[in-house]
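Undergrad: Let me give you the structure first, and then I'll get to my questions.
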Amino acid sequence: MESSPRANAVLELAAEKAGWGQPLPQGFGRGVSLQFVFATYMAQIAEVEVSRDGAVRVHRVVCAVDCGIPVNPDTIQAQIQSAIMFGITAALYGEITLKEGRIEQSNFHDYQILRLNQAPAVDVHIVQSLESPGGMGEAGTSAIVPALANAIFAATGKRLRKMPIDTTLLKRPA
231 MESSPRANAV LELAAEKAGW GQPLPQGFGR GVSLQFVFAT YMAQIAEVEV
281 SRDGAVRVHR VVCAVDCGIP VNPDTIQAQI QSAIMFGITA ALYGEITLKE
331 GRIEQSNFHD YQILRLNQAP AVDVHIVQSL ESPGGMGEAG TSAIVPALAN
381 AIFAATGKRL RKMPIDTTLL KRPA
């Protein structure tokens, strides 16, 4: 981290804005991810709740991003918010299955996506930078999945190594 002040800055900003270190109720956890992709530094912190039956609910995501000169901050924020929702969908529900050599899911009636009432609060913090502009788009999607996995580990002590999340592995005794 010493050799990458921009990475360190987004990590510190995300941790500050997410209240890292503050206690959470039983069954809740925070997880972090940090990445450098498309000349963009991004840190995400996910706050999740894992119920006794293993169900996962993402309550909040805090993202700090240094994408160089923020040419259009509203678009950056929108790209990150939508990418996070897309990534949460993949982590929670993104399984594609085959039957007799054909994909079973054909559209949204049989492929679950994150619904509006399931969407977490997403706070995006854009670092003011004079570096050359970097990329956005997919950066938010790839950062949320490890943040979720780390939050689930913090809440349950169980490390997930495969996505989508298998909630049966997260069940706790009554």
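Numbering (this note's numbering), first residue to last: 231 to 404.
Where a beta carbon is used, it is the ideal one built from N, C-alpha and C, also for glycine.
Given that a residue counts as buried once 16 or more other Cβ atoms are within 10 Å of its Cβ, and exposed if not, what is residue 404?
TA: What you label residue 404 is simply residue 174 of the sequence shown in a count that begins at 1. Exposed, since its Cβ has fewer than 16 Cβ neighbours within 10 Å.
Undergrad: Less than 8 Å between C-beta atoms, sequence neighbours within five positions excluded: which residues of the same chain meet that for residue 324?
TA: Position 94 of the sequence shown, counted from the start, is the residue given in the question as residue 324. Contacts found: 393, 394.
Undergrad: Tell me whether the beta-carbon of residue 295 lies closer than 8 Å to the beta-carbon of residue 374.
TA: Sequence index remark: in the sequence shown, residue 295 carries index 65 (1-based). Sequence index remark: in the sequence shown, residue 374 carries index 144 (1-based). In this structure, residue 374 does not lie closer than 8 Å to residue 295 by Cβ.
Undergrad: Please report the distance separating the alpha-carbon of residue 336 from that of residue 353.
TA: For the purposes of this step, residue 336 is taken as the residue at position 106 of the sequence shown. For the purposes of this step, residue 353 is taken as the residue at position 123 of the sequence shown. The alpha-carbon atoms of residue 336 and residue 353 are separated by roughly 33 Å.
Undergrad: Would you give the residue range spanned by the alpha helix (DSSP H) that residue 315 belongs to?
TA: Locating residue 315 in the sequence shown gives position 85, where the first residue counts as 1. Residue 315 -> alpha helix (DSSP H) spans 303-323.
Undergrad: Buried or exposed, going by whether 16 or more other CB atoms sit within 10 Å of the CB of residue 367?
TA: Residue 367 sits at position 137 when you count from the first residue of the sequence shown. So residue 367 counts as exposed.
Undergrad: How close, in whole Å, do the beta carbons of residue 272 and residue 301 come, if the pair is a contact with beta carbons under 8 Å?
TA: As a working note, residue 272 is residue 42 in the sequence shown. As a working note, residue 301 is residue 71 in the sequence shown. Not a contact, Cβ separation roughly 16 Å.
Undergrad: Can you check which of these residues, 347, 318, 298, 398, is closest to residue 237 by C-alpha distance?
TA: Within the sequence shown, numbered from 1, the residue matching residue 237 stands at position 7. Closest by alpha carbon: 298.
Undergrad: Helix, strand or coil for residue 335 per DSSP?
TA: Stepping through the sequence shown from its first residue, residue 335 is reached at position 105. Correct three-state label for residue 335: coil.
Undergrad: Considering only DSSP beta bridges, list what residue 383 is partnered with.
TA: As a working note, residue 383 is residue 153 in the sequence shown. DSSP output for residue 383 lists no bridge partner at all.
Undergrad: Does the stretch 257-265 come close enough to the stretch 370-385 to have 3 or more Cβ pairs within less than 8 Å?
TA: With a cut-off of 8 Å, the stretch 370-385 and the stretch 257-265 count as touching, because enough Cβ pairs lie within range.
Undergrad: Measure the Cβ-Cβ separation of residue 269 and residue 364 and say whether it is below 8 Å.
TA: By one-based count along the sequence shown, residue 269 stands at place 39. By one-based count along the sequence shown, residue 364 stands at place 134. Cβ atoms of residue 269 and residue 364: closer than 8 Å.
Undergrad: Output the distance between the C-alpha atoms of residue 326 and residue 277, rounded to the nearest integer angstrom.
TA: Residue mapping note: residue 326 aligns to position 96 of the sequence shown, counting from 1. Residue mapping note: residue 277 aligns to position 47 of the sequence shown, counting from 1. Approximately 26 Å between the Cα atoms of the pair.
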